[in-house]
Each structure stands twice: as structure tokens, then as C-alpha cells.
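**Student:** Position 168 of the sequence shown, counting from 1, maps to 174 under the numbering used here, and the rest follow consecutively. Note that beta-carbon positions come from the ideal geometry of N, C-alpha and C, so glycine has one too. All figures in this text were calculated on a predicted structure; none of them were measured in a lab. Encoded as C-alpha cells, here's the structure I'll be asking about.
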Amino acid sequence: MGGQGLLWMMTMKFSVRTDLSEMLAEGTKESHNRAENCQFVKDFLRGRIKRELFKRGTAALYFVYSAMEEEIEKNKDHPHIAPIYFPTELHRCEALARDLEYFYGEDWENQISLSAGTKPYVDRIHEVGEKDPVLLVAHSYTRYMGDLSGGQILKKVAQRALKLPSTGEGLNFYQFEGIHSHKGFKQLYRSRMNELELDPETKGEDCG
7 MGGQGLLWMM TMKFSVRTDL SEMLAEGTKE SHNRAENCQF VKDFLRGRIK
57 RELFKRGTAA LYFVYSAMEE EIEKNKDHPH IAPIYFPTEL HRCEALARDL
107 EYFYGEDWEN QISLSAGTKP YVDRIHEVGE KDPVLLVAHS YTRYMGDLSG
157 GQILKKVAQR ALKLPSTGEG LNFYQFEGIH SHKGFKQLYR SRMNELELDP
207 ETKGEDCG
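Below you can see the structure in the form of C-alpha cells.
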């Protein structure tokens with residue numbers, strides 16, 4: 007095939023995939039596959055979960071979502087954040103705090119700390135919120151939509167494996183009480199995000 011033909015095919019490929027949600031799915035496909043195939047996730051899905059490890063994971067999520075939701079709140083009037091600002095439906099900090107109180111007791115805040123492995127991610131979220139808030143779009147989309155999708159499977163596995171109460175204690179993180187239809191809300195969120203006016207360069211940064 008000649009150079010012009012190859013160029014035409016490449017142009018067609020990228021012109022067809024213009025929706026940010028599709029670009030994010032493509033851009034994160036490799037890392038998503040790696041995560042799904044790591045030993046921890048495999049063990050988790052098989053119900054081989056240690057309570058202490060699950061507690062530490064919940065603490066790590068608390069620091070991540072605290073950072074992300076702090077920056078989203080700071081930038082809620084930003085033209086690219088406002089259309090996907092759903093604090094009542096999505097924000098997880100309060101839910102995670104309830105889970106941590108269940109696992110650690112009332113003084114849970116004195117028992118957890120930001121791990122060395124989680125700190126770079128948390129620092130990056132704060133950096134993005136301060137310097138380039140539009141990149142929060144990708145962070146929030148991949149996290150919240152993942153929680154509404156695969157996260158619901160993890161919830162059932164954890165509840166069964168850790169023998170957690172059927173009333174939801176310890177698993178508040180996975181319960182989105184402000185959302186009546188996960189499918190409908192995900193469609194709304196994707197639609198709002200895909201309508202954001204982003205130049206190709208910014209879309210590339212979001213998906214990189």
C-alpha cells in the first residue's frame with residue numbers, strides 16, 4: 007500500500023473515533039487488561055481476600071477519592087467539569103469514611119495513613135486539579151464508571167468472601183444510593199462527557 011493510502015486509513019481511523027469515552031476506553035485498554043490479569047485481582051475475583059488487605063485497600067481509596075473530589079469541588083464551575091459534576095450521585099468520600107469506621111472503629115482517622123504506593127497518584131491528582139483541571143475529566147470518568155460497572159461485581163465477591171453484613175456495612179463505597187439506574191446514569195454521564203468541547207490535543211492528554 008502506498009503512503010497516501012496508509013495516511014488515508016489512519017485519518018479515517020481517528021476521525022471515526024471522536025467520542026472521548028471511546029478514546030478513553032481505547033487509551034486505557036492495555037492498563038485495564040494488565041490490572042484484570044494481575045494476581046491480586048484474580049485472587050479477589052475468586053474470593054481469596056484477606057480482611058486486612060481489604061481494609062488497607064479501602065484506606066487507599068479514601069485518600070484517592072478525597073484528593074479527586076477535593077479538586078473536582080474546587081473546579082466545579084470550570085466549563086469542562088461543570089457538565090459532569092454530580093456530587094450527590096457520585097462522590098465517594100463519605101461512603102468510604104463509613105466503611106473505614108466499620109473496619110477500624112471511631113478513631114479510624116488515626117489508624118490509617120497515605121501509603122508510599124498511593125502517594126504519587128494522589129499527588130498527581132492534586133497537580134492536575136491545580137494546573138490543568140480538564141484532565142480531571144479522565145480521572146473521574148475512569149474511576150466512577152468503573153465503580154458503577156465492575157465495582158458491583160467486586161462488591162458481591164467481597165461481601166461473600168469476608169462475610170460482611172447483608173445490610174451493606176463495610177461496602178458503602180460500592181453503593182450509589184443517589185442513582186436509581188446504573189445503566190441510565192452511565193449513559194447520561196458519557197453523553198455529557200462526549201459533548202465537552204475539547205481540542206484533539208487535550209483529548210490525547212486525557213486518554214494518554
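Taking 7 Å as the limit between beta carbons, can you name the residues of its chain near I129, skipping five residues before and five after?
**Tutor:** Note that residue 129 is Asp in the sequence shown, not Ile. The answer is none, since no qualifying residue turns up.
**Student:** So, helix, strand or coil for I87, using DSSP?
**Tutor:** Reduced to three states, the DSSP call for I87 is coil.
**Student:** Looking at the unbroken alpha helix (DSSP H) that takes in D153, where does it start and where does it end?
**Tutor:** Element bounds for D153: 142 to 154.
**Student:** For P85 and K56, I'd like the C-alpha separation in whole angstroms.
**Tutor:** Near 43 Å, if we compare the C-alpha coordinates of K56 and P85.
**Student:** Going by DSSP in three states, D25 sits in which element: helix, strand or coil?
**Tutor:** Three-state result, D25: coil.
**Student:** Please go through the same chain and pick out, in chain order, the residues whose beta-carbon is closer than 7 Å to the beta-carbon of S21, but skip the five residues on each side of it.
**Tutor:** Low local confidence applies: a pLDDT of 40 at S21 is under 50, so the model's placement there is unreliable, with the coordinate-based value given in what follows. Around S21: no qualifying Cβ.
**Student:** State the DSSP-derived secondary structure class of C44, mapped to helix, strand or coil.
**Tutor:** In the structure shown, C44 sits in coil (DSSP, three-state: anything other than H, G, I, E or B).
**Student:** Spatial neighbours of K61 within its chain, please: C-beta separation below 6 Å, excluding the five flanking residues on both sides.
**Tutor:** Hits under 6 Å: F109.
**Student:** Residues in its own chain within less than 7 Å of M7 by CB, not counting five upstream and five downstream?
**Tutor:** Residue placement at M7 is poorly supported in this model, since its pLDDT is 47, which falls under 50; the coordinates still yield a value, given next. Excluding residues within five positions, none has a Cβ falling inside 7 Å.
**Student:** Starting from K125, follow the alpha helix (DSSP H) in both directions and report where the run begins and ends.
**Tutor:** Residues 125 to 137.
**Student:** Check this for me: beta carbons of D105 and T148, under 7 Å apart or not?
**Tutor:** Against a cut-off of 7 Å, the Cβ pair of T148 and D105 comes out as no contact.
**Student:** Let me check understanding here. Comparing Cα to Cα, which of G190, N116, L142, I87 lies closest to Y127?
**Tutor:** The residue with the shortest Cα to Cα distance from Y127 is L142.
**Student:** Please classify T124: is it buried, with 16 or more other beta-carbons within 10 angstroms of its beta-carbon, or exposed?
**Tutor:** So T124 ends up on the buried side.
**Student:** In terms of residues, what are the limits of the alpha helix (DSSP H) holding K82?
**Tutor:** Note, K82: premise wrong, no alpha helix (DSSP H); not H, not E.
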